[in-house]
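Engineer: Would you mind keeping the following structure in view while I ask a few things?
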Amino acid sequence: MNHELATQIHADARFVELVDTRSRYNWTMAIIMMVIYFAFILLIAFQPGLLAIKIAAGSTISIGILGGFVVILIAILMTGMYTLRANKEFDRLTAELKEHMQ
Numbered sequence: 002m003n004h005e006l007a008t009q010i011h012a013d014a015r016f017v018e019l020v021d022t023r024s025r026y027n028w029t030m031a032i033i034m035m036v037i038y039f040a041f042i043l044l045i046a047f048q049p050g051l052l053a054i055k056i057a058a059g060s061t062i063s064i065g066i067l068g069g070f071v072v073i074l075i076a077i078l079m080t081g082m083y084t085l086r087a088n089k090e091f092d093r094l095t096a097e098l099k100e101h102m103q
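Converting from the sequence shown to the numbering used here requires adding 1 to each position, the first position being numbered 1.
Here you go:
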């Protein structure tokens, strides 16, 4: 790619929209996941007794194990959400940009 084409791409409104939208979405998802993860870690550090409570009488599964499972499940679901949006919106914006640049 030559310098002129790169400059043209960076100046294109579609490229700016793609970068801004993707960046905003990525940061939002990252912050949500960090809040969830650190909230769980802070619970482990400051409320270990709460996480040690069994979910049912006679059960071997504690609230902490269930919470860890939920954190992992949320991470997987958020990955799926990102993939869906990337495949629909971000790929469409990229295709529009490519078509316009040819």
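C-beta atoms are modelled at their ideal positions from N, C-alpha and C, and glycine is treated no differently.
Let me check one thing: in DSSP terms, what residues is residue 89 bridge-paired to?
Structural biologist: Residue 89 pairs with nothing; no bridge assigned.
Engineer: So, at 8 Å on beta carbons, what are the nonlocal neighbours of residue 45 in its own chain, with the 5 sequence-adjacent residues on each side left out?
Structural biologist: 52, 65
Engineer: Where residue 101 and residue 12 are concerned, what is the direct C-alpha to C-alpha distance, given to the nearest angstrom?
Structural biologist: 13 Å
Engineer: Spatial neighbours of residue 85 within its chain, please: C-beta separation below 7 Å, excluding the five flanking residues on both sides.
Structural biologist: none
Engineer: Can you give me the Cβ contacts of residue 72 inside the same chain, cut-off strictly under 8 Å, excluding the 5 residues immediately before and after it?
Structural biologist: 37, 38, 41
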